[in-house]
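Working notes for the structure below.
Protein chains: 2
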Amino acid sequence: MARADDDLKVATSTEDLEDLALRDDYALNPAFVEMVVDAAERADSKRLGELMDALHPADIADLMGFLSGDYREALVPLLAPDVLAEVLSELDGALREDILEHVAPGVLAAAIGEMDSDDAADVVDDLEADVRGQVLAQMSDVDRAGIEHSLAYDDETAGRLMQREVLAAPQFWTVGQTIDHVRQAAEDLPDLFFDVYVVDPANRPVGAAPVSRLLKSRPDALLSDIMESVTEIPADMDQEEVAYIFDKYHLISAPVIEPGGRLVGQITVDDIVGVIREESDEDMLALAGVSDTELGATVFGVTRARFWWLFINLGTAILASSVIAIFQGSIEKFAALAVLNPIAASMGGNAGTQTLTVAVRAIATKELNATNVLATIWRELAVGLLNGMAFFVVMGGVTFVWFHDPLMALIAGAAMIINLFAAALAGILIPLGLDRMGFDPAASSVVFLTTVTDCVGYFSFLSLATLVLIHH
Amino acid sequence: MARADDDLKVATSTEDLEDLALRDDYALNPAFVEMVVDAAERADSKRLGELMDALHPADIADLMGFLSGDYREALVPLLAPDVLAEVLSELDGALREDILEHVAPGVLAAAIGEMDSDDAADVVDDLEADVRGQVLAQMSDVDRAGIEHSLAYDDETAGRLMQREVLAAPQFWTVGQTIDHVRQAAEDLPDLFFDVYVVDPANRPVGAAPVSRLLKSRPDALLSDIMESVTEIPADMDQEEVAYIFDKYHLISAPVIEPGGRLVGQITVDDIVGVIREESDEDMLALAGVSDTELGATVFGVTRARFWWLFINLGTAILASSVIAIFQGSIEKFAALAVLNPIAASMGGNAGTQTLTVAVRAIATKELNATNVLATIWRELAVGLLNGMAFFVVMGGVTFVWFHDPLMALIAGAAMIINLFAAALAGILIPLGLDRMGFDPAASSVVFLTTVTDCVGYFSFLSLATLVLIHH
Chain A
25 MARADDDLKV
35 ATSTEDLEDL
45 ALRDDYALNP
55 AFVEMVVDAA
65 ERADSKRLGE
75 LMDALHPADI
85 ADLMGFLSGD
95 YREALVPLLA
105 PDVLAEVLSE
115 LDGALREDIL
125 EHVAPGVLAA
135 AIGEMDSDDA
145 ADVVDDLEAD
155 VRGQVLAQMS
165 DVDRAGIEHS
175 LAYDDETAGR
185 LMQREVLAAP
195 QFWTVGQTID
205 HVRQAAEDLP
215 DLFFDVYVVD
225 PANRPVGAAP
235 VSRLLKSRPD
245 ALLSDIMESV
255 TEIPADMDQE
265 EVAYIFDKYH
275 LISAPVIEPG
285 GRLVGQITVD
295 DIVGVIREES
305 DEDMLALAGV
315 SDTELGATVF
325 GVTRARFWWL
335 FINLGTAILA
345 SSVIAIFQGS
355 IEKFAALAVL
365 NPIAASMGGN
375 AGTQTLTVAV
385 RAIATKELNA
395 TNVLATIWRE
405 LAVGLLNGMA
415 FFVVMGGVTF
425 VWFHDPLMAL
435 IAGAAMIINL
445 FAAALAGILI
455 PLGLDRMGFD
465 PAASSVVFLT
475 TVTDCVGYFS
485 FLSLATLVLI
495 HH
Chain B
25 MARADDDLKV
35 ATSTEDLEDL
45 ALRDDYALNP
55 AFVEMVVDAA
65 ERADSKRLGE
75 LMDALHPADI
85 ADLMGFLSGD
95 YREALVPLLA
105 PDVLAEVLSE
115 LDGALREDIL
125 EHVAPGVLAA
135 AIGEMDSDDA
145 ADVVDDLEAD
155 VRGQVLAQMS
165 DVDRAGIEHS
175 LAYDDETAGR
185 LMQREVLAAP
195 QFWTVGQTID
205 HVRQAAEDLP
215 DLFFDVYVVD
225 PANRPVGAAP
235 VSRLLKSRPD
245 ALLSDIMESV
255 TEIPADMDQE
265 EVAYIFDKYH
275 LISAPVIEPG
285 GRLVGQITVD
295 DIVGVIREES
305 DEDMLALAGV
315 SDTELGATVF
325 GVTRARFWWL
335 FINLGTAILA
345 SSVIAIFQGS
355 IEKFAALAVL
365 NPIAASMGGN
375 AGTQTLTVAV
385 RAIATKELNA
395 TNVLATIWRE
405 LAVGLLNGMA
415 FFVVMGGVTF
425 VWFHDPLMAL
435 IAGAAMIINL
445 FAAALAGILI
455 PLGLDRMGFD
465 PAASSVVFLT
475 TVTDCVGYFS
485 FLSLATLVLI
495 HH
């Protein structure tokens, strides 16, 4: 605390504070966070205001994640509506809901009025029903209609991601006419836009030109001469599909259309960057059995969320143990079997996870589809078999050195071939099957996989041992 | 094959082929891929050319991934230099290297001349030394100098991601002057740009204005009046840091500076979208023990890459088994121990993976840092302890029902508390420790984690059982 106090005395100007706020890697400086906590403890609103002025809204949003609930609430009233708008747009999950509960409806209405229509709809969607009514009542008719229009689209669709403000122009306009139009209509256009959409009389996009090309072209050039073909996004498209298209074709913005082809809005790449990261992270967390609702949840919330994944896994572990129970008689005669038994199962789990993870990513990025599915299955089985043979040698060797028993070495090695092959089979077929049946392959395939690799691992080793060592 | 032949007869015009090429989800249509394979088998270059004309270069790049090597090589000579340039920019890994080996240096030089400087440097970097010399010799001095300049920066840094062409203007210029400059200098400007960087006389960025704001502003407005502050990217910054900054501040483009602050290029968000997906995917694959060099590798290449991960894991599995070996005597007396023994270890592995995955993501997104590290550790330990107590009850109950032995039930339950707590401890401390020591926490922490959870799981259960059941 002494260090923070020193900093507090030294760093008085906003510029000094700005320098202090972030580390070289653009993450918040822990010393700065301490200064905020210190000012919040002393309820020093003036100082807190100075500290907030030194931060970009995105950094204020990060800061919220580092503060306890009381301090968070102390900060909110200090933020101007436009800053609060940006901070709320950056946050999500339990953290945003917590903050929303502590903002007066009037303040919230002002902040939401400052947001792009996509962010505004997201925030309103997070409000409790009664607060929502109060907030909407305090907004202008235009803003309210915009939000209600956005909310008419399902969550995680293009319609929810889009902003309704776009720059559109008929194809017979010249570059000069278009630029004049932009200057006159500046108020009604989005803050930022990257393409002008060229539309037909029915307001259907027929092409697009990047703004930089508008600038480069002669003022008398026709839009129809400088435009390129355009990738239209149906309003009901899933956001994961939208992200795929943006990534694949390196789009900066794309027009969103309703059934019939009418232009209703645009999606810009800055909204998509977040979606791409989220979808990738969701897959990664889902593979590990963590739900993405954890963010900002309490210890009990996190415990409960993880409990159910572990509970299901306990079921599979008990199932696998019941396979061992079949061979309890063999283990009584040969306790060494219990020592070696977990190894083949563990290796199968690891090898299967390799295959599974590659398959889940390939399905998500559409690198794996009907064209190459058979080739991919064969490739994975071949890899499983080859590594099985390699570990037949390695595991056989280790077992022989450890137990000086050539038969035991053969059995431990053979179990490795069987289980690495089974792991490859399960690792590729389970995610493909789940995907074919319309389930998310990231969310549930690991449970099925470990059931297979544990049961096959225990069964192959113990049944071989029983056949060869006991009944021999 | 009959179906593809029918399609072949029906789909003759380029428009028909374009409709057929992609499915509704914008992935390549397997029927279209079959048509390509069919034409390649018949060595029908004219037909292949028509088929390629129906595809966006990004789709041609996807197609390459679905074709065997011979057919891939047949396609390359059919592509115009600008299309080949885009296809090569889209590809990476073993697939690109394979194609590069089969393109004549002259064709390659023409294609590379069409690329942005960042993509050009990437491709040249992938060439064998002798081919590289031949290709560079056939390029213009300007292009060659640009590529050599890019290659002077390390791989995966901002300097390698940037393109050198930028729109920069002094702050005393008006909007009108800037637009006139753009029209005159159109040739020297990048294809697409989103911001004009305002520079001082030493060519250091002092601000930036989005192109859309240029269009909206009155022609006599000064750049210094419409510009905003700008986030400068040092040329030697790691691309992961760059992606973090773009994502956090929703940047569309950013100026790249050299030591001293001179503007040397710009990075645009379309390059960053790829980086964000790659870095997320890399973490996910690294957690599963898969290296990202697998793409396009042969069966033997994949087998070898995965072998080493499995080999290391075999080491930890044997280490864990040696813990079981300590208690071989107990198992001889009580074979039921071998049945229940793997359960606590398996649960610890799953619980630890949950904690570990959350920690790895939080470290990567900088949500976990010095400010909240203690709170996060306590939270994870609390979650581990609470779930440990929950599974004490569940596992104790299951064991009692299964073995009708209250002491065994107590032991199995107690092992659950111990191992879920150890799993939480290892799951949070291992990635934090690796990160602190400068290692990638995604790449190696799973091995350490499973070593802890297996050894602690076996030891806690078997040692308790030995103490209570055997020596009692």
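Protein chains in written order, with the working numbering: chain A, 25 to 496; chain B, 25 to 496. Every residue gets a Cβ at the ideal spot worked out from N, C-alpha and C, and that includes glycine.
In this structure, the alpha-carbon of residue 406/A lies about 7 angstroms from that of residue 323/B.
Selection 64/A, 122/A, 290/A evaluated against residue 213/A yields 290/A as nearest (Cα-Cα). In chain order, 401 place their CB closer than 8 angstroms to the CB of residue 453/B, counting only its own chain and leaving out the 5 sequence neighbours on each side. For a Cβ distance threshold of 7 angstroms, residue set 393, 394, 395 of chain A lies close to residue 54/B, ordered along the chain.
In this structure, residue 300/B lies near residue 301/A, with their beta-carbon atoms less than 8 angstroms apart. For the segment 255-268 of chain A, the set of positions with a beta-carbon nearer than 7 angstroms to some beta-carbon of chain B reads 265, 268 in chain order.
Taking the beta carbon of residue 49/B as reference, the chain A residues within 7 angstroms of it are 265, listed in sequence order. Residue 434/A carries a helical assignment under DSSP once its states are collapsed to helix, strand and coil.
From the beta-carbon of residue 156/B, no residue of chain A is found nearer than 7 angstroms; the closest lies around 26 angstroms away.
The alpha helix (DSSP H) runs lying completely inside the segment 381-405 of chain B and spanning 4 residues or more number zero. Between residue 276/A and residue 259/A, the C-beta gap is not smaller than 8 angstroms, which leaves the two residues out of contact. Of all alpha-carbon atoms in 87/A, 131/A, 130/A, the one lying nearest the alpha-carbon of residue 119/A is that of 87/A.
Just measuring C-alpha positions, the residue of 418/A, 432/A, 434/A, 372/A sitting nearest residue 451/A is 372/A. Rounded to whole angstroms, the Cβ separation of residue 377/B and residue 312/A is 5 angstroms, and the two are in contact under 8 angstroms. In this structure, the CA atom of residue 61/A is about 10 angstroms from the CA atom of residue 94/A. Between the segment 415-434 of chain B and the segment 109-123 of chain A, the count of Cβ pairs shorter than 8 angstroms is below three; the stretches do not touch.
Residue 81/A and residue 109/A have their C-alpha atoms some 9 angstroms from each other. In the displayed model, residue 220/B falls within a strand according to three-state DSSP.
Less than 8 angstroms divides the Cβ of residue 199/B from the Cβ of residue 241/B.
Beta-bridge partners of residue 277/B (DSSP): 292/B.
Chain B has no Cβ within less than 8 angstroms of the Cβ of residue 181/A. Apart from sequence neighbours up to five positions away, the residues of its chain that approach residue 238/A with a beta-carbon distance below 8 angstroms are 199, 202, 203, 220, 250, ordered along the chain.
For residue 428/B, the nearest beta carbon of chain A is not closer than 8 angstroms to its own beta carbon.
Going by beta carbons, residue 354/B and residue 489/B fall inside the 8 angstroms limit. For residue 129/A, the enclosing alpha helix (DSSP H) begins and ends at 129-137. Residues of chain B whose Cβ lies closer than 8 angstroms to the Cβ of residue 489/A do not exist; the shortest such Cβ separation is about 12 angstroms.
Distances from the alpha-carbon of residue 261/A to those of 329/A, 196/A, 184/A, 305/A put 184/A closest. No Cβ of chain B is located within less than 8 angstroms of the beta carbon of residue 172/A.
Annotation for residue 232/B: the continuous beta strand (DSSP E) segment containing it runs 229-234. Contact check for residue 279/A and residue 296/A: beta-carbon distance about 14 angstroms, past the 8 angstroms limit, so the pair fails to qualify. Residues of the segment 113-142 of chain B whose Cβ lies closer than 8 angstroms to any Cβ of chain A: none.
Only those residues of the segment 230-251 of chain B whose C-beta falls short of 9 angstroms from the nearest C-beta of chain A are listed: 234, 235, 236, 237, 238, 239, 240, 241, 242, 243. Annotated as proximal: residue 182/A and residue 263/A, with beta-carbon spacing under 8 angstroms. Going by DSSP, residue 192/A is part of no alpha helix (DSSP H) but of the beta strand (DSSP E) stretching over 192-194. Nearest Cα to residue 340/A within the set 347/B, 369/B, 340/B, 343/B: 369/B.
The continuous stretches of alpha helix (DSSP H) do not include residue 251/B, and DSSP gives it neither H nor E.
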